[in-house]
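Chains as they are written, first to last, in the numbering used here: chain A, 26 to 177; chain B, 26 to 177.
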DNA sequence: CTAAACATTTAAGAGAGCTTAATTATATGG
DNA sequence: CCATATAATTAAGCTCTCTTAAATGTTTAG
């Protein structure tokens with residue numbers, strides 16, 4: 026079996042395991058917070074992208090710009106994002122995460138990580154070292170990632 | 026910094042990167058297929074759990090059993106699941122993935138993995154080896170996982 | 001300066017998804 | 001055997017999210 030296939034296969038197995046748990050945690054968190062799929066998508070998008078326009082966001086999510094605008098209304102209402110006029114082109118709005126939005130997203134991350142505590146307990150220090158360097162490698166080599174490992 | 030913190034921190038970093046991409050791919054796939062959050066949660070749950078009852082599923086998803094029942098109607102309608110009477114207790118229904126459901130889920134997995142192709146290209150064979158064994162370790166040591174790495 | 005293009009918002013309406021309450025069918029315990 | 005508990009479904013109603021179409025304000029090109 027070529028290394029490429031093995032890489033894929035192992036990754037796929039890990040992802041199945043990981044996704045089943047994180048999707049569950051994320052959906053549960055979303056329901057508790059009263060967040061829709063689009064809202065979750067928006068928050069996740071903003072953590073990485075930093076900011077976005079309304080139409081761009083709609084395109085990213087696969088909905089109309091009208092739908093995006095309405096959804097942003099609600100996110101502004103609950104204080105998770107901020108929407109201000111773009112000074113460079115006043116037709117556009119600049120959408121960013123609010124402080125509260127960042128906090129909420131961090132909480133959802135912690136909710137997803139909670140089951141990792143158990144994994145942590147099952148590993149020796151040496152095993153953790155091994156995993157840490159593998160993860161660093163993956164972070165560094167992921168295309169389109171401008172935040173190298175350990176720099177945050 | 027203790028190894029525990031470092032493990033967490035590195036994992037967290039990797040997860041942010043990974044989740045932003047997989048959540049996006051999953052939500053987009055869900056929208057294309059016309060699947061709601063509950064439906065996605067159901068399909069993911071079934072891949073691991075194998076089967077479930079209606080109320081149990083509702084509890085897992087955080088909705089009423091009535092809501093679960095209605096959602097299952099739609100999943101049966103589009104042929105993603107099967108719902109049959111439990112012979113042991115005829116009050117209950119046994120919900121399982123249909124063949125089509127398995128196929129759809131696999132496709133969604135591939136959609137999530139598509140960006141990995143680029144990661145793959147950026148890695149040497151030796152680096153892949155390193156990542157593979159780290160992933161295997163994580164799979165094996167994840168609590169409540171009854172499918173050891175490489176056995177599927 | 002004006003016409004066309006563009007970004008967003010507003011409005012109206014359709015459908016999905018949820019809830020509670022009532023209903024049906026089955027199982028269990030005295 | 002009957003009363004009670006349990007599992008699932010059905011029904012009615014509400015809210016959320018989407019769509020399309022029209023409206024508003026801004027920029028750009030001629």
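Quick reminder that beta carbons are idealized off the backbone N, C-alpha and C, glycines included. If you're wondering where the values come from, they're calculated on a predicted model, not measured in any experiment.
For the stretch 33–52 of chain B, the beta-carbon criterion of a distance under 9 Å to any beta-carbon of chain A is satisfied by 33, 34, 35, 36, 37, 38, 39, 40, 41, 42, 43, 44, 45, 46, 47, 48, 49, 51 and 52. Contacts between residue 156 of chain B and chain A, judged by CB atoms closer than 9 Å, involve 32, 35, 36, 159, 160, 162 and 163 in chain order. Against chain B, the CB of residue 67 of chain A has no partner CB under 8 Å away; the residue lies outside that interface.
Its Cα nearest to that of residue 31 of chain A, the residue B/160 stands out among B/160, B/42 and B/31. Using a Cβ-Cβ cut-off of 8 Å, residue 77 of chain A is close to nothing in chain B; its nearest Cβ partner there is about 13 Å away. Secondary structure note for residue 72 of chain B: its alpha helix (DSSP H) is the uninterrupted segment 62–74.
Between residue 164 of chain B and residue 42 of chain A, the C-beta gap is smaller than 8 Å, which places the two residues in contact. A check of alpha carbon separations from residue 120 of chain B across B/144, B/56, B/81 and B/87 identifies B/81 as the nearest.
Proximity of residue 167 of chain B to chain A, defined by a Cβ-Cβ separation below 8 Å, is satisfied. Between residue 55 of chain B and residue 65 of chain B a beta carbon distance of about 5 Å is seen, short of the 8 Å cut, so the two are scored as contacting. At a C-beta separation below 8 Å, residue 141 of chain B has these neighbours in chain A: 33 and 36. Membership of residue 134 of chain B in the alpha helix (DSSP H) is indicated by the continuous run 124–138. The stretch 66–81 of chain B makes contact with the stretch 89–96 of chain B: 3 or more CB pairs, one atom from each, lie closer than 8 Å.
Where residue 88 of chain B is concerned, there is no enclosing beta strand (DSSP E), because DSSP gives it neither an H nor an E. With respect to the 8 Å criterion, residue 86 of chain B and residue 67 of chain B are classified as neighbours on the basis of their beta carbons. Spanning the alpha carbons of residue 148 of chain B and residue 166 of chain A requires a straight line of approximately 7 Å. Under DSSP, residue 110 of chain A shares a beta bridge with A/118. Chain B places no beta carbon closer than 8 Å to that of residue 136 of chain A, leaving this residue out of the contacts. Looking at the DSSP output, residue 77 of chain B bridges to B/120.
At a cut-off of 8 Å between beta carbons, residue 150 of chain A contacts chain B.
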